[in-house]
Amino acid sequence: VFVVLQVAGSTAFLTLALIFGGHFVSQWRVDPGFDAGHLAILELDPAQHGYDAARGRDLTDRLLAALQQTPGVRAAAMTDRVSFFVGGPNVSRVAPDGRDCAAEDCPRAGSYVADERFFEAMGIPLVAGRVYRAADPADRDSVVISQTAARTLWPNASAVGRTFRIE
C-alpha cells in the first residue's frame, strides 16, 4: 500500500511539475510590450534609509543623472513600480467621460507613476497622441494609457483627448 501511494503521489507531483513547467516556458514567448532584452532594474526606496521626501527626490535625481552619463545606457527612468512587480499595480475603478460608477459597473485598471523617460527606457513605442513631457504645462493633467485600456474605455473611438476619473 505504501509503495502504491508513493508511486501515485510521485506521478501526481511529476504531472503537476510538467504542467507548471509548460506554463512557465509558454510565458517566455509572450510579448510583454516592452524591450526586455536590454533592461536593468534597480529598486530603491530612500525612505527605508531615513531620507525624507525632499532628500529622497534629490538622491533619485542625482542617481538618474549619473545613470544617464554611464556609457552604454540609452535611457534611465523612475517609476513607483515596474511591470510584473510582485504585488501588482494600484487597481482602481475608472469612470470614463464622467460616467457614474455607482449607477453602472466601471472597468478596473492598474495605475503607475512614471517619469517622462520611462517609455524611452522601456522601449515602449507611442501608438497615438504625443509624447508626455513633465515640463509642458499642457501635460499637467495628462496621462498615458495602454491600448487595452483605450479599447476597454472607448471601444469605438480614439482615446486621445478623452477624460476619465479614477475612483
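Sequential numbering of the sequence shown, starting at 9, is according to this note's numbering.
The C-beta atom is built at its ideal place from N, Cα and C for all residues, glycine as well.
No experiment lies behind these values; they were computed from the predicted model shown.
Pairwise C-alpha distance: L24 and V152: L24 has its alpha-carbon roughly 40 Å from the corresponding atom of V152.
Limits of the unbroken alpha helix (DSSP H) element including G64: Going by DSSP, G64 is part of the alpha helix (DSSP H) stretching over A61 to Q77.
Within its chain, find whatever has a CB closer than 7 Å to the CB of Y59; leave out the 5 residues flanking it on each side and keep chain order. L67.
Helix, strand or coil for G137 per DSSP? If DSSP states are grouped into helix, strand and coil, G137 belongs with coil.
With 16 as the cutoff for other CB atoms within 10 Å, does A143 come out buried or exposed? Exposed, by the Cβ-count rule.
So, C109 versus E175, is the Cβ gap smaller than 7 Å? Against a cut-off of 7 Å, the Cβ pair of E175 and C109 comes out as a contact.
Quick one, are the C-beta atoms of F126 and A158 less than 7 Å apart? No.
Alpha-carbon spacing of R13 relative to I27, whole angstroms: Checking the sequence, you will find Leu at residue 13 rather than Arg. Put simply, the backbone Cα of L13 is about 21 Å away from that of I27.
Would V102 be called buried (16 or more neighbouring beta carbons within 10 Å of its own) or exposed? Label assigned to V102: buried.
In the DSSP assignment, find the alpha helix (DSSP H) that holds R159 and state where it starts and stops. First-last of the alpha helix (DSSP H) with R159: Q155 to L161.
Contact check, Q155 vs V135 under 8 Å by CB: the rounded distance? At roughly 6 Å, the Cβ-Cβ gap stays under 8 Å, so Q155 and V135 are in contact.
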